[in-house]
Amino acid sequence: MPEIFVCNASDLGEGNVKVVAVDDREIGVIRHKGQCYAYLNRCPHQGGPACEGVRMPKVEAVLNEERQFFGHRFSDTEDHIVCPWHGYEFNLDTGNCIGDAALRLKRYDVVERQDSLYVVL
Ligand code: FES
Numbered sequence: 001m002p003e004i005f006v007c008n009a010s011d012l013g014e015g016n017v018k019v020v021a022v023d024d025r026e027i028g029v030i031r032h033k034g035q036c037y038a039y040l041n042r043c044p045h046q047g048g049p050a051c052e053g054v055r056m057p058k059v060e061a062v063l064n065e066e067r068q069f070f071g072h073r074f075s076d077t078e079d080h081i082v083c084p085w086h087g088y089e090f091n092l093d094t095g096n097c098i099g100d101a102a103l104r105l106k107r108y109d110v111v112e113r114q115d116s117l118y119v120v121l
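Under full-length UniProt numbering, the letters of the sequence shown match residues 1 to 121, in that order.
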C-alpha cells in the first residue's frame, strides 16, 4: 500500500497535529501521549476539521456498588477528539463517534521509520 510522507518524526511534538493534503483530501496526524494517530480531517457529521479539535479524556460517571451516581471524573484510559464545529466526540483509538454509533472518523495507519512519519493509504 502506498505511503505518504508526513514530516520528520521529531517535528511532530507531543500534542501537535500535522495536516497533510493527499489528492483531494486532508489527513490529520496527531501525536498524543507518545502515540501517533491519523484520521481523515473531515468530520462525518457535517465535514468539520475534526483532527484539529481539542483532545480530552472521556468523562465518566462515578457510581457506587448500588449504582448510585456520585459525580463525574476523567478517564485514565480513554481519550476523545472533539470536533471544533459542533462538539461531536470521537474515540481517539478507534475513530468511533461517542454519541452516534453510525458515525466514525476514517482511520489510517501511521508508520515511523528513520525519523520520518508516513501515512499508509
Ligand atoms: S462537523 Fe463535526 S461535529 Fe459537526
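Even for Gly, the Cβ is constructed at its ideal location relative to N, Cα and C.
**OP:** For ALA9, collect the residues of the same chain with a Cβ closer than 7 Å to its Cβ; drop the 5 residues on either side in sequence, then sort them by chain order.
**Re:** Locating residue 9 in the sequence shown gives position 9, counting from the first residue. Excluding its 5 nearest sequence neighbours in each direction, ALA9 has C-beta neighbours in its own chain below 7 Å: GLU112, ASP115, SER116 and LEU117, listed in chain order.
Subject >> Sub-9 Å separation of ILE4 and ILE30 beta-carbons >> reply: Here residue 4 refers to the residue found at position 4 of the sequence shown. Here residue 30 refers to the residue found at position 30 of the sequence shown. With respect to the 9 Å criterion, ILE4 and ILE30 are not classified as neighbours on the basis of their beta carbons.
Original post:
Any idea what DSSP makes of residue 130, helix, strand or coil?
Top reply: Only positions 1 to 121 of the chain appear in the structure, and residue 130 is not among them; the question remains open.
Subject >> Same chain, Cβ closer than 7 Å to HIS72, five either side skipped, listed in chain order >> reply: Locating residue 72 in the sequence shown gives position 72, counting from the first residue. Closer than 7 Å at Cβ, skipping near neighbours: VAL59, GLU60, ALA61 and VAL62.
**OP:** Return no unless some Cβ of chain D is closer than 9 Å to the Cβ of CYS83.
**Re:** The structure shown contains no chain D; it is built from a single protein chain.
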